[in-house]
Amino acid sequence: MPVNPAARVAPFTESVIREMTRLALRHNAVNLAQGFPDFPAPDELKEAACRAIQDDINQYAITWGAPALRQAIAAKYLRHYQVELDPDAEITVVCGSTEGMIASLLGIADPGAEIIIFEPWYENYGPDAHLSGAVRRYVRLHPPDWSFDPEELRRAFTPSTRAIIVNSPHNPTGKVFSLDELSLIAALCQEHDALCLTDEIYEHITYDDHRHHPMLTLPGMRERTILVNSMSKTYSVTGWRVGWVIAPPSLTPAIRKVHDFLTVGAAAPLQQAGALALALPDEYYVQLAAGYHERREMLLSILDECNIPALAPAGAYYIMCETRGLGLGTDIEVCRYLIEEIGVAAVPGSSFFSRPADGSPFIRFCFCKRYETLKQAGARLRRMPRR
Ligand code: GLN
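All residue numbers for the sequence shown refer to our numbering, where the first residue is 22 and numbers rise by one.
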């Protein structure tokens with residue numbers, strides 16, 4: 022009787038981020054581990070979703086997305102980035118950017134193809150690349166500003182490079198790739214005939230002078246960029262699982278085929294509500310970023326008070342901390358101590374690196390939480406013995 026799982030799942034573990042949520046629940050810890058808001062989604066979205074169900078939008082939408090949502094996506098990219106998209110040939114609605122990324126990789130990478138990933142990385146990219154049969158090559162981002170060495174990036178491109186994944190604003194570091202950095206990546210993609218997969222899920226969450234630039238707006242990149250995004254972070258609906266992939270007409274059919282057989286489609290009534298969300302006025306996005314800016318300041322000042330050295334993010338809603346000097350051991354030990362003794366959950370840095378030792382000096386907190394939740398986390402963290 023076969024009792025072993027397939028060999029393809031052996032090289033990776035379940036998500037450490039989601040495991041931290043389970044541990045937080047078990048120990049009644051404040052969850053600053055998994056990045057999802059604990060405040061309500063906007064009322065008009067909730068009402069639109071309920072209305073869609075009452076209006077009997079409860080059967081499969083078109084596999085690659087309800088026309089109303091694909092049109093709203095096209096309208097939003099035109100409004101925000103002056104990019105004209107064809108909703109029929111370039112946009113695929115998927116079940117969150119998690120599905121968007123893996124469906125894209127399965128659609129474009131042949132076994133043995135090389136995929137370049139900046140390290141530290143969002144934990145999904147490793148298993149995504151592995152499941153698509155691709156080989157990963159890493160380029161290091163260096164603290165405190167998480168810059169990369171252009172020469173190291175240049176060396177990572179080889180004749181086998183199929184794509185590079187660029188996540189900006191970046192999880193876990195909060196780095197927002199500058200236009201110069203994106204231009205260098207774009208030039209290398211063109212020189213090596215490689216694709217660029219972008220995870221732009223935090224596009225509207227940037228601070229100070231940092232601005233998000235979609236890779237597909239750079240010269241020569243429209244035809245070689247696959248953009249992955251979702252409603253999750255922008256509209257505070259991480260449980261809806263509605264995302265989208267924008268890809269050139271030559272690649273969209275491949276991504277749609279994978280998407281079709283993986284999931285058939287994203288939840289139909291939620292796609293309907295999504296059409297309304299993507300048409301929200303500019304003010305919504307200004308408020309979103311302002312709210313997160315305030316929360317960032319709040320968590321930074323808590324960490325400062327507790328002598329936990331933090332690296333201020335330029336975007337997204339995470340803070341990487343350097344915990345080596347705390348005398349509490351490895352990242353795993355620090356996180357265990359924080360959950361069990363202090364009552365606050367964070368994510369061990371090693372879950373963002375290919376070699377656990379490289380991530381061991383770091384832990385990641387998220388601040389996409391109610392002010393009350395952050396205050397409570399602060400009260401608990403202040404109980405840590407001072408060193
Ligand atoms: N993106 C979020 C994080 O990094 C949530 C990840 C997830 O569980 N899908 O915490």
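We put the beta carbon where it would ideally sit given N, CA and C, even for glycine. Remember, it's a predicted structure, so these values are computed and weren't measured experimentally.
Outcome for residue i when other beta-carbon atoms lying within 10 angstroms are tallied against a minimum of 16
i    : result
I83  : exposed
E68  : exposed
A110 : exposed
S371 : buried
A400 : exposed
E393 : exposed
L46  : exposed
A378 : exposed
F178 : buried
D121 : The identity of residue 121 in the sequence shown is Gly, whereas the question assumes Asp. The residue is buried, with at least 16 neighbouring Cβ atoms inside 10 Å.
G380 : buried
D445 : Beyond the ends of the chain as shown, which are 22 and 408, falls residue 445; an answer cannot be given.
N49  : exposed
H163 : exposed
V285 : exposed
F436 : The shown model of the chain, from 22 to 408, leaves out residue 436, and the question about it has no answer.
L402 : buried
Distance cut-off 7 Å: residue i Cβ against heavy atoms of ligand 1
i    : result
F57  : yes
I38  : yes
R327 : Checking the sequence shown, residue 327 turns out to be Cys, not Arg. Result no, Cβ not under 7 Å from ligand 1.
T255 : no
T119 : yes
C387 : yes
N52  : no
Y146 : no
N25  : no
N192 : yes
Y143 : yes
Beta-carbon spacing of residue i, residue j below 8 Å
i    : j    : result
H231 : G336 : yes
S257 : F60  : yes
M41  : A287 : no
A215 : L66  : no
I267 : I112 : yes
P330 : G346 : yes
I136 : I206 : no
S153 : D220 : no
K254 : Y305 : no
I94  : W265 : yes
P132 : P108 : no
I363 : M405 : yes
Q: Can you check the segment 138-190 for any alpha helix (DSSP H) of at least 4 residues that lies completely inside it and give the ranges in chain order?
A: 146-152 and 171-177
Q. Considering only residues of the segment 69-131, which uninterrupted alpha helix (DSSP H) runs meet the minimum length of 4 residues and lie entirely inside it, listed in chain order?
A. 88-102 and 117-129
(Q) My parser needs the beta strand (DSSP E) runs of 3 or more residues fully inside the segment 202-230; what are they? (A) 216-220
Q) In chain order, which continuous runs of the beta strand (DSSP E) of length 3 or greater are located wholly inside the segment 223-297? A) 246-251 and 264-267
Q: At 4 residues or longer, and completely inside the segment 318-364: list those alpha helix (DSSP H) runs for me, N to C.
A: 352-358
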